[in-house]
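Here is the structure we will look at.
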Amino acid sequence: MPTILFRVALFLILLATGGMIVFIIKQQKSVFTWSYRIFLTGFVFHTVFLVQQYVALGTAPVLSLKSSLGFFAWTISGVYLLFQQRFRLMVLGSFIAPLAAVLMLASVSLPGIPATVVHPLFKSVWLPIHVLTVFAGDGMFALAFAASVMYLLQERQIKRKRFGTLYSRLPSLETLDAISHRALIWGFPLLTVGMVTGAIYAQQALGSYWRWDPKEVWSLITWLGYAVLLHERLTVGWRGRKAAVLSIVCFSLLLFTFIAISLWASDYHSFKSLEGGLTS
Amino acid sequence: MIQIVSIGMNHRTAPVELRECLARELGNVQRALDAMRESPAVREGFYLSTCNRVEALCTTEAPEEAHGMILSLFSQFGGMDADALSGSLYTLEGMESVRHMFKVAASLDSMIVGEPQILGQVKEAYLQATQKRTSGVILNRLMHRAFHVAKRVRTETGVSDAAVSISYAAVELAKKIFHELTGRIALLIGAGEMAELAARHLIHQGAGEIRVANRTFDRAVQLAEAFRGTPVYFEEIDAQLLEADIVVTSTASADPVITYDQVKRSLRKRKNRPLFFIDIAVPRDVEPRVNDLGNVYVYDIDDLKSVVEINRAQRAEEAIKAERIVEEEVLRFERWLKTLGVVPTIVSLKQKVENIRLAEMRRSLSALDGLTPEQMQAVEVLTASIAEKIIHDPILTLKRKADRPSRDQVLDMARQLFDLDET
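Same order as they appear, the protein sequences are chains A and B. The numbers in the working numbering rise by one with no breaks, and the one at position 71 of the first sequence is 231. The numbers in the working numbering rise by one with no breaks, and the one at position 172 of the second sequence is 154.
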């Protein structure tokens, strides 16, 4: 049953992604409207799946890379839906939906033995808070990343005075910059709260706030990267190209931390190869 | 048989003096509609008058007379001989006329193809026709289809996307940078005609404030007044660069007026807000290197010209798609028009009733199983005659109205009541 829920969600998100790609080519509003509805339905299925998992496990369903990827895709979808409400920018979906779809595909293609016994350590109330805030922040940053990529594509065309097919399909530079900015403003506090609650959780579970675990170190580097970006934006007035480039660099760092470090170089944050579940 | 006829002139067939002549008086539209309503030759009439076209469209059973009547209307408005006028006119009949109307509404027949104003003008003209009660069943349908075509062309093709004049192209670019121009400050350096045109476009798009700097301050004041803007001294440009969002330069200066260092200095104080230079001066007023600065965009006159060129080419491609849409809709309209006769309506009415009867018979077949062939025959006859009797009076009414002026209304009503039109 739970896998069916996820598969339905995956199918709908893939369908919506296809639709949104068709939309960016064909520019027919009805194509977008339907894709958006399908995407929303997929998101609902995904949400139900996660709730079911949460209830079954008694904790946030992020104990393996497989489930974390899925969860990341879910927060990205959620953040996208929020921003779509605010900015009503149809083309945004054409960039975000593929990202969510790829993460879900990666999740579904990874082998994973469903965790049956969950270590009591994972039953702390701090874990869901830690995970939810970190991933919500990551979702925001994913959106900032997509907007930054769109910004660079658009700004390149305007600067070089060569207009491709994307020119008319992408929104204005100011809009894209505003989306990046907004996503950063929301994402950074979320990430910060996520790291603090993580530390509290670590103190409770492992007896120390900070253990220089590789994932912690890399997360700190990512956090510093975003801190610099936020600082430059708010005080120096960085914007546009420079901010977009840094946002993309930071997001690459984030993905690196999330996937590579989690897999190979971590202690208790590790998903310990791929089967997931129960570490230390 | 009812005919659709349109007569008119546009920017291709008539020189601007003549079009002006016909379009000059505002009351002409009302007078034309009145005249068409009075004329026995004209059933329904529509009259469109813009700066690029004047045309009349009518439905009639006597095309020759209607044509003559409209021609005399034109010659009366233009104050010239009908023969002299006819060289500048085109006359279209039947589906040609429908196709033309669709194209006009979709801005495919405009001087600047894709310009959006024409649809509003057509809608306004149609409104006047309905107020003067010169529009009827056919015209109503025709105009609504025309609006539909215009919408399809706008959403399904890129015909109206691309800017084809330099100042318009500049404004479009500004929108791709700033999203909207509301509240943006535009600084004009130099007060030439092109700058004025660009300023007009900027204001039209909602630009918040215009400031004008010119070597001769008098002229700056003059131009600023025209746009309710602020004149500034030429020496103030440095300070103005901190506030402006869009800078239009058009001085006759031989040396650059805006230098790389000057702009670079201003950027940090501007907090890197984007700055868009539209340099329409030859030789150029803005050092080309300025474009290398972050968040600064410089377009000179050649850049804008090439944007316009690309847009023209694109628009031509999209126009083919638009033609296809028009063709589709013309065929659809033609099909509808053919059904708007007494005989076709009676045929489809009979067909519809017979279909219902047969469907109901089939449904009750199992219940009628026990009947003998004779009884079965009787049921057939019974149902058929009920059906026939029910539509007998409507058919008689339709036949009686065949030659009355109210025929089209009755036909239209009948088709609606019995839901005879394909959707």
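All C-beta atoms in this analysis are idealised placements derived from N, C-alpha and C, irrespective of residue type, glycine included. A quick note: this is a predicted structure, and the numbers were derived from the prediction, not measured.
Spatial neighbours of residue i in its chain, beta-carbon cut-off 7 Å, leaving aside the 5 residues before and after
| i | result |
| --- | --- |
| A:S284 | Y361, Q364 and A365 |
| A:Y214 | A220 and P221 |
| A:G179 | V191, W194, S195 and I198 |
| A:F295 | F231, F232 and T235 |
| A:L175 | I198 |
| A:V208 | L165 |
| A:L259 | I236, A302 and A306 |
For residue i, the first and last residue of its enclosing alpha helix (DSSP H)
| i | result |
| --- | --- |
| A:Y386 | P374 to H391 |
| A:G202 | K189 to L217 |
| B:R389 | R389 to L399 |
| B:P355 | P355 to R382 |
| A:F231 | L225 to F247 |
| B:D65 | A64 to S68 |
| B:F56 | P45 to G60 |
| A:Y369 | Here A:Y369 belongs to no alpha helix (DSSP H), and DSSP marks it neither H nor E. |
| B:L101 | Q99 to Q113 |
Sequence-distant residues of its chain with Cβ nearer than 6 Å to residue i (five each side left out)
| i | result |
| --- | --- |
| A:H206 | A169 and W234 |
| B:L90 | A304 |
| A:S228 | V222 |
| B:S408 | Residue 408 of chain B is absent from the model: chain B starts at -17 and stops at 405. |
| A:F411 | F301 and F305 |
| B:Y72 | T(-5) |
Below-8 Å beta-carbon distance, residue i vs any chain A residue
| i | result |
| --- | --- |
| B:G276 | yes |
| B:D261 | no |
| B:H126 | no |
| B:I292 | yes |
| B:P256 | yes |
| B:D273 | The amino acid occupying residue 273 of chain B in the given sequence is Asn; Asp does not appear at that position. Chain A contact via Cβ: present. |
| B:D267 | no |
| B:F160 | yes |
| B:K253 | yes |
| B:K157 | yes |
| B:D285 | yes |
| B:T405 | Its pLDDT being 48, under 50, B:T405 is placed unreliably in this model, and the value from its coordinates should be taken loosely. No, B:T405 lies away from the interface with chain A (no Cβ there is under 8 Å from its Cβ). |
| B:Y150 | no |
| B:T137 | yes |
| B:Y279 | yes |
Unbroken beta strand (DSSP E) run spanning residue i, endpoints
| i | result |
| --- | --- |
| B:R(-6) | Where B:R(-6) is concerned, there is no enclosing beta strand (DSSP E), given that its DSSP letter is neither H nor E. |
| B:Y281 | V278 to D282 |
| A:C410 | Unbroken run through A:C410 is the alpha helix (DSSP H), G400 to L415; no beta strand (DSSP E). |
| B:P213 | T212 to V214 |
| B:V268 | Here B:V268 belongs to no beta strand (DSSP E), and DSSP marks it neither H nor E. |
| B:Y72 | Y72 to E75 |
| B:R193 | E191 to A195 |
| B:G27 | V24 to S31 |
| B:R35 | R35 to T42 |
CB-CB length for residue i against residue j, believed under 8 Å
| i | j | result |
| --- | --- | --- |
| B:V104 | B:L170 | About 35 Å; that fails the 8 Å criterion. |
| A:G400 | B:G276 | 6 Å |
| B:A189 | B:R166 | 5 Å |
| A:L336 | A:Q314 | 7 Å |
| B:S149 | B:H183 | 5 Å |
| B:A5 | B:S31 | 5 Å |
| B:T211 | B:I228 | Residue 211 of chain B is actually Gly in this sequence, not Thr. So it is not a contact: roughly 13 Å between Cβ atoms. |
| B:A128 | B:F84 | 5 Å |
Short CB-CB distance (under 8 Å) between residue i and chain B
| i | result |
| --- | --- |
| A:L333 | yes |
| A:I289 | no |
| A:W398 | yes |
| A:K226 | no |
| A:R401 | yes |
| A:I318 | yes |
| A:F323 | yes |
| A:K189 | yes |
Sequence-distant residues of its chain with Cβ nearer than 8 Å to residue i (five each side left out)
| i | result |
| --- | --- |
| A:Y369 | A359, I360, A362 and Q363 |
| A:I339 | F243, F247, L249, L252, L303, A304 and A307 |
Residue i at chain D interface by Cβ criterion, 8 Å
| i | result |
| --- | --- |
| B:S117 | This model lacks chain D altogether, as its protein chains are A and B. |
Pick out the complete alpha helix (DSSP H) segments inside the region 265 to 339 of chain A, 4 residues or longer, and give them in chain order.
286 to 320 and 325 to 329
Which parts of the region 159 to 189 of chain B are runs of the alpha helix (DSSP H), unbroken and 4 residues or longer, counting only runs that do not cross its ends?
175 to 186
Segments of 4+ residues assigned as alpha helix (DSSP H) that fall wholly inside the region 291 to 358 of chain B:
324 to 346
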